[in-house]
Ligand SMILES: [Zn+2]
């Protein structure tokens, strides 16, 4: 078995010690087999083979870490996949396990603000009817019994839940001067729970409109914009005195009457899209949907945020204001700028919808939060009620679906938050959700130290391109608002299939010190990049980093102004040779050019018996390059089949451009392969993406999880040690509707190399409540999770 010394990297993402141990996983895979999909395509994800795995061992430095010492019972392995794997080809990539970074110094708890210690959040969202019926003690007892640290209680701004004296703060028809907010706040405080005063500044009634017509959002024809569901409520404009005067008046009234810990606005700012208002103020702003408007919008959000934050602090210095956030990669305001003022990121991302049907919608949000928050708290709201269209606000959703959303919240480093609407006959007509929340929250409460994250363990960064997500209309060949959503889902799916440890990276956070942890950055059609951002990426490459990019990446500046050539043309060795070409019939294919000498390039591993591979739906043609690995076979007619052949059998247009410079590896795909993979599921595109990600990242892994099944993996450094989170998505409900059951998966073997001097005290499986045996030799930790139901957290305690 080879042992090699890895030269220390200029960026310092390699191990602390000079010696790196290289796992020869080619040999491991010969012993263990590789995963086979239904087309017989093999991917570089090994599974254990019942016949052969006993023979396998890993040489680690001077000693041998036998796999058998860390493995759990043989009987847990599914025989069918093992036999299937035994017949597959073993032409898989080599994986190099590199050391985790040196551990962070211990946290000084005296410097940690209170909200950082929040681990469970509860909310019963009040309705107008609740003051007539709500049993406050029952409500408070429930949230206290499940160990909620904080509860959200509605003040609102649409309907007052206390006898407000603020003009236009309408008392609901069942309030009858009852101080429901005050009762709830006092009951929570009595039980040691903190209280968030929850407001809703987004809508108000006709009497307010009559007195203040300037408060309303307007259509282009000047007419008032009303709520889509309740036409008696008009939409308020965030640029008006409604936000400068009315909202602060409510905050000050609440602060004067009650003991609350902080303030929150629901319903504002908008998520995932920008307001489109034509009131007299907004008519003077740049048009909505443009980069210039986005900057003004973000500026106004931050202005109000800071103003409200100062009001919150008028009574208590450790109070603060925070607002509705989320929107995944699209966000709302610029997330980098927002993160500089936000004390709490409230991810209003309550469940899957049919428009956004992939199961990982919550963990994707967690990755967005991790990209911008520098360790500040993010809580993700899980609706215990039924999300979707249609949805039921007051009826519980499937238990396994609610649990998975909570699992993803924890796995991606956020704080779980459980939410139901209405108290109806005292404390809710549908009580099924109560046990779901209680079981989950009580379980987490036993493991707070392990479930509190310090930093993510990842060596691949995916640039999310928030401005592209929000403002880019798609290419001229396929304009669509869903374009970037599909692109993101494609790269996300591929990264999960390859079980890579990856982070999202915001385009306004490309400073070298932030990027230094990543061996490679991926740019999935990040169309909008400023000159400065392109320079930062150049700097990253010159410092030894690798890039994989696709399609229209860097073809536009930060104002969506097209460039004559890609902003990254020089560093990537590509040049534009025409505008985007779409598909009419048959998309282009990629011709495999025979290598003049030696074995096939690593990005072509596993392709056999074909000269053509699937291309992508859209591409930006590139000028020819020397010795292209793949060339474009232009698209042609799909029907009639008589005409389904290329006019030009051999072109010189490259279908991929690869480049190496020192430790940097660059790969450029002219096609939108991530999105086309998402639309089609084509194995060629997946294999090409996986092979290329492996190649640009030098096959390096920080944590390696081997086993069968579809999972999402997260790894975190924690105060006690490390956690490896495994989310089991092997489920027919993973891409549509909700989960209806759980399909446990078999053994998952975890390997990671701890920093020099760090010792392992124990490994615990927090869901199963087991302590598996582990092997630890030459800093390499190996253990096996015998079975994963819906979720497992392997918690490593170090000494
Ligand atoms: Zn307006």
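Residue numbers (the numbering used here): -17 to 781.
Virtual Cβ for every residue (Gly too), placed ideally from N, Cα, C.
Per the coordinates, the alpha-carbon of residue 364 lies some 22 Å from the alpha-carbon of residue 770. Residue 262 and residue 392 have their alpha carbons spaced roughly 45 Å apart.
Apart from the 5 residues on each side of it in sequence, residue 336 sits with its Cβ closer than 7 Å to the Cβ of 370 and 371 in its chain, given in chain order. In the three-state reduction of the DSSP assignment, residue 459 falls in the coil class, being assigned neither a helical nor a strand state.
The beta carbons of residue 253 and residue 338 sit about 12 Å from each other, so the pair does not count as a contact at 8 Å. Going by C-alpha positions, residue 198 is about 57 Å away from residue 642. Under the DSSP definition of a beta bridge, residue 347 lacks any partner.
For residue 398, there is no enclosing alpha helix (DSSP H); the enclosing beta strand (DSSP E) covers residues 397 to 403.
Assigned with DSSP and collapsed to three states, residue 648 falls in strand. Distances between the C-beta of residue 221 and the heavy atoms of ligand 1 include at least one below 6 Å.
A distance below 6 Å between beta-carbons, with the five flanking residues on each side excluded, links residue 291 to the following residues of its chain, in chain order: 302 and 303. The closest CA to that of residue 546, considering only 243, 559 and 540, is found on 559. DSSP links residue 698 through a beta bridge to 438 and 705. For a cut-off of 8 Å, the C-beta gap from residue 625 to residue 618 is around 7 Å, short enough to register as a contact. Residue 244 sits in a strand when the DSSP states are folded into three classes. Just so you know, the alpha carbons of residue 743 and residue 124 end up roughly 37 Å apart. Here DSSP, grouped into helix, strand and coil, assigns residue 448 to helix. Cβ contact annotation for residue 82 (same chain, cutoff 7 Å, sequence separation greater than five): 439, 684, 734, 735, 736 and 737, in chain order. Pairing residue 472 with residue 694 gives a Cβ-Cβ distance that is not under 7 Å. Distance from the Cα of residue 143 is smallest, within the candidate group 591, 310 and 236, for 236.
For the pair residue 556 and residue 504, the CB atoms are not nearer than the 7 Å cut-off. Rounded to whole angstroms, the gap between the alpha carbons of residue 231 and residue 360 is 27 Å. Residue 775 is a Cβ neighbour of residue 748, given a cutoff of 7 Å. Straight-line measurement puts the Cα of residue 549 at about 58 Å from the Cα of residue 411.
The alpha carbon of residue 107 has as its nearest neighbour, out of 710, 179, 99 and 356, the alpha carbon of 179. Cβ contact annotation for residue 459 (same chain, cutoff 7 Å, sequence separation greater than five): 562, 563, 564 and 600, in chain order. In the structure shown, residue 181 falls within a strand segment according to DSSP collapsed to helix, strand and coil. Annotated three-state conformation of residue 250 is coil, per DSSP. In this structure, DSSP gives residue 155 a state outside helix and strand, which the three-state scheme calls coil. Residue 171 holds the alpha-carbon nearest to the alpha-carbon of residue 118 among 146, 171, 95 and 85.
The stretch 399 to 411 makes contact with the stretch 109 to 117: 3 or more CB pairs, one atom from each, lie closer than 8 Å. Spanning the alpha carbons of residue 79 and residue 485 requires a straight line of approximately 18 Å.
The beta strand (DSSP E) runs lying completely inside the stretch 248 to 330 and spanning 3 residues or more are 303 to 307 and 326 to 329, given in chain order. For residue 731 against residue 753, the beta-carbon gap comes to about 16 Å, at or over 8 Å, which does not count as contact. Taking 7 Å as the cut-off, the Cβ atoms of residue 152 and residue 96 do not count as close. Of the candidates 362, 721, 697 and 357, the residue whose Cα lies closest to the Cα of residue 777 is 697.
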